[in-house]
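Below you'll find the structure, written out as structure tokens, and then a few comments.
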Amino acid sequence: MTAIDHLAAALEGHGEVKRDEVLSRHTTFGIGGPADIFVTVRDAAGLAYAVTTAQDAGVGVFVLGSGSNILVADKGIRGVVVDNRARREEADSSGTRYRVESGASFAAFARKMCRQGLDGLAWAVGIPGTLGGAVVYNAGAYGGCLADVLTRVRLQDHRDGDAWIEAAQLGLVYRGSVFTRGQFDGKTVLEAEVQLAPGDAAALLERAASYDAKRLTAQPRGRNAGSTFKNPPESPAWKLIDEVGMRGATRGDAAVSDKHCNFFVNYGNARAEDVAWLVTEAQRRVREQFGIELQREVAFVGDWS
Ligand SMILES: Cc1cc2nc3c(=O)[nH]c(=O)nc-3n(C[C@H](O)[C@H](O)[C@H](O)COP(=O)(O)OP(=O)(O)OC[C@H]3O[C@@H](n4cnc5c(N)ncnc54)[C@H](O)[C@@H]3O)c2cc1C
Numbered sequence: 003m004t005a006i007d008h009l010a011a012a013l014e015g016h017g018e019v020k021r022d023e024v025l026s027r028h029t030t031f032g033i034g035g036p037a038d039i040f041v042t043v044r045d046a047a048g049l050a051y052a053v054t055t056a057q058d059a060g061v062g063v064f065v066l067g068s069g070s071n072i073l074v075a076d077k078g079i080r081g082v083v084v085d086n087r088a089r090r091e092e093a094d095s096s097g098t099r100y101r102v103e104s105g106a107s108f109a110a111f112a113r114k115m116c117r118q119g120l121d122g123l124a125w126a127v128g129i130p131g132t133l134g135g136a137v138v139y140n141a142g143a144y145g146g147c148l149a150d151v152l153t154r155v156r157l158q159d160h161r162d163g164d165a166w167i168e169a170a171q172l173g174l175v176y177r178g179s180v181f182t183r184g185q186f187d188g189k190t191v192l193e194a195e196v197q198l199a200p201g202d203a204a205a206l207l208e209r210a211a212s213y214d215a216k217r218l219t220a221q222p223r224g225r226n227a228g229s230t231f232k233n234p235p236e237s238p239a240w241k242l243i244d245e246v247g248m249r250g251a252t253r254g255d256a257a258v259s260d261k262h263c264n265f266f267v268n269y270g271n272a273r274a275e276d277v278a279w280l281v282t283e284a285q286r287r288v289r290e291q292f293g294i295e296l297q298r299e300v301a302f303v304g305d306w307s
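Quick note: the sequence shown, position 271, residue 273 per our numbering, numbers continuous.
Written out as structure tokens, the structure reads:
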């Protein structure tokens, strides 16, 4: 038996284990090759167990949320992909502070809070992804971001085990954190705690509906991973991409959206390589024409060899 066979056997009973699961089924881009092991976990204990067991075996492990901010390589991901469906949530006695497992849908939770008349997350109703992914990127929109309401997170660390840490220790900035800067490699978000404020449900739902309408107008249909690049201080990324002539540019089935140039879209059977080519080309042209280095918001993950 190989190390992968041993590990798959050790994970059985702690989650649903699949071999060579194609990741295009699990990313909003609809792109990505197979994972050696794909294990679906349904609570924080299962998530911690899967990650720790892979780390103990010295096998690479990737925690997958909704796959809404990643471009997975055509060759897939070696080792274990943990499909996080841990979704339990619990309010404290005040009814305004919530502990939510990291596999919960951020948008669904945000909408539920609006319905319950709790203010602080109306801006998030259209953001695909899990709470875990939202922590990693300090997800935000329309002037709000998770850092505004996040109080602490429960982390699993291979060496230190399971502990709560304050949000202030996460270095949350515009679409970034200690995770995106590589300072928390090997740590997993098990739960997040948010503090909301009492508000008016009807007014919050109205605000949420106005954000839904804005998204429908501004964002393209088709499979994508949202904004490809962070907005540099000089100019919105879409504008730079437009000005270097890449609006609507295509490579295979991949395209730069002609509706919103910072969205790169899979119109059918695009390969990760096609998207990556367009990304690199946009960066090259913007660098040459404006001297600006576009930073990717979408993470390239997996086996790009
Ligand atoms: C149509 C569309 C619109 C979007 N609009 C917005 C927007 O308005 N604002 C915004 O901020 N983003 C937006 N996004 C991007 C995306 O939804 C967010 O970045 C989201 O927070 C990513 O969460 P995810 O669960 O999909 O993460 P994934 O893409 O699954 O993972 C992203 C990274 O986070 C890591 N990760 C995930 N969960 C954990 C965990 N529990 N512990 C440790 N690491 C973890 C993964 O390993 C990976 O490195 C949009 C995306 C789409 C497709």
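For each residue, glycine too, the CB sits at the ideal point set by N, CA and C.
All figures in this text were calculated on a predicted structure; none of them were measured in a lab.
Self-check item: Nearest-angstrom Cα separation, counted from Arg183 out to Thr54
Solution: 22 Å
Quiz item: Alpha carbon to alpha carbon, how far is Gly119 from Gly60?
Solution: 46 Å
Quiz item: Three or more C-beta pairs closer than 8 Å, one from the segment 161-173 and one from the segment 203-212: is that the case here?
Solution: no
Quiz prompt | Same chain only: Cβ atoms within 7 Å of Glu23, ignoring 5 sequence neighbours per side | solution = Pro36, Ala37, Phe40
Exercise. Determine, using beta-carbon pairs with one atom in the segment 44-52 and one in the segment 80-98, whether at least three such pairs fall under 8 Å.
Key: yes
Exercise. Given a cut-off of 7 Å, decide if Ala52 and Gly17 are closer than it, judged by their beta-carbon atoms.
Key: yes
Practice problem: Give the secondary structure of Ala75 by DSSP, where H, G and I count as helix, E and B as strand, and everything else as coil. | Solution: coil
Quiz prompt | The beta strand (DSSP E) enclosing Trp279, as first and last residue numbers | solution = From DSSP, Trp279 is part of no beta strand (DSSP E) but of the alpha helix (DSSP H) over 274-292.
Self-check item: DSSP state of Tyr213 mapped onto helix, strand, coil
Solution: helix
Quiz prompt | Spatial neighbours of Thr190 in its chain, beta-carbon cut-off 6 Å, leaving aside the 5 residues before and after | solution = Val53, Val65, Gln158
Quiz item: At which residues does the alpha helix (DSSP H) containing Ala149 begin and terminate?
Solution: Note, Ala149: premise wrong, no alpha helix (DSSP H); not H, not E.
Quiz item: When you compare only the Cα positions, how much space is there between Gly146 and Met3?
Solution: 50 Å
Exercise. Starting from Gly163, follow its DSSP beta bridges and name the residues at the other end.
Key: Asp159
Quiz item: Considering only C-alpha positions, which residue in the set Ile79, Val63, Val74, Thr42 is nearest to Gly105?
Solution: Thr42
Exercise. Run the CB neighbour count on Thr282, radius 10 Å, all protein chains shown included, and call it buried at 16 or more, exposed below.
Key: exposed
Self-check item: Sequence-distant residues of its chain with Cβ nearer than 7 Å to Pro130 (five each side left out)
Solution: Thr30, Ser68, Ser70, Ala109
Practice problem: To the nearest angstrom, report how far apart Ala5 and Tyr144 are at their CA atoms. | Solution: 46 Å
Practice problem: Could you spell out the range, first to last residue, of the beta strand (DSSP E) harbouring Tyr100? | Solution: 99-103
Quiz item: What's the gap between the Cα of Glu208 and the Cα of Ala194?
Solution: 26 Å
Self-check item: Neighbour-count burial assignment, Trp306, 16 or more Cβ in a 10 Å radius
Solution: exposed
Quiz item: Nearest CA to the CA of Glu295: which residue from Asn268, Gly270, Pro238?
Solution: Pro238
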